[in-house]
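Each number in our numbering corresponds to the 1-based position in the sequence shown with 746 added. Think of the CB as a built atom: it goes at the ideal place given N, C-alpha and C, for glycine as much as any other residue. First comes the structure, then the notes that go with it.
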Amino acid sequence: MNIDTDISEKLEKELIRITKKESPLDAIKELVRRELIRKKNIYIFMIRNFEKKYRVTFEEFEKQYKSKMSNEVEKDYFDWDMAKTALEDIEEELKEI
Numbered sequence: 747m748n749i750d751t752d753i754s755e756k757l758e759k760e761l762i763r764i765t766k767k768e769s770p771l772d773a774i775k776e777l778v779r780r781e782l783i784r785k786k787n788i789y790i791f792m793i794r795n796f797e798k799k800y801r802v803t804f805e806e807f808e809k810q811y812k813s814k815m816s817n818e819v820e821k822d823y824f825d826w827d828m829a830k831t832a833l834e835d836i837e838e839e840l841k842e843i
């Protein structure tokens with residue numbers, strides 16, 4: 747994919763200064779990579795909190811609680827599942843950068 751876009755000289759210099767990269771495109775890639783890592787850490791934190799709260803992995807939680815979910819447990823289930831899925835997606839995106 748080739749993207750031609752004009753960015754201001756000031757923005758270009760700032761991108762390079764912040765990231766210590768040699769080109770604006772590399773700088774943008776670096777900023778995207780950093781943002782993905784930031785999000786990845788959020789989802790890892792969420793997953794660890796659920797594992798600590800329920801003292802099981804998501805797969806074990808799914809087996810144990812699937813048939814007896816209160817509103818709170820059901821919400822945790824969906825949030826935990828979303829965090830796992832988002833983490834997997836981010837890890838794939840990081841490989842492509």
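Runs of the alpha helix (DSSP H) lying entirely within the segment 750-786, each at least 4 residues long, are 755-765 in chain order. For V819, same chain residues with a beta-carbon under 8 Å away, outside a window of 5 residues either side, are Y811 in chain order. With a cut-off of 8 Å on Cβ pairs, the segment 830-841 is in contact with the segment 782-794, counting three or more such pairs. Around the C-beta of F807, 16 or more other C-beta atoms lie within 10 Å, and the residue is accordingly described as buried.
Non-local C-beta neighbours of T765 in its own chain, meaning closer than 7 Å and more than five positions away in sequence, comprise A773, E776 and L777, ordered along the chain. 9 Å or more divides the Cβ of W826 from the Cβ of F791. Here DSSP, grouped into helix, strand and coil, assigns V802 to coil.
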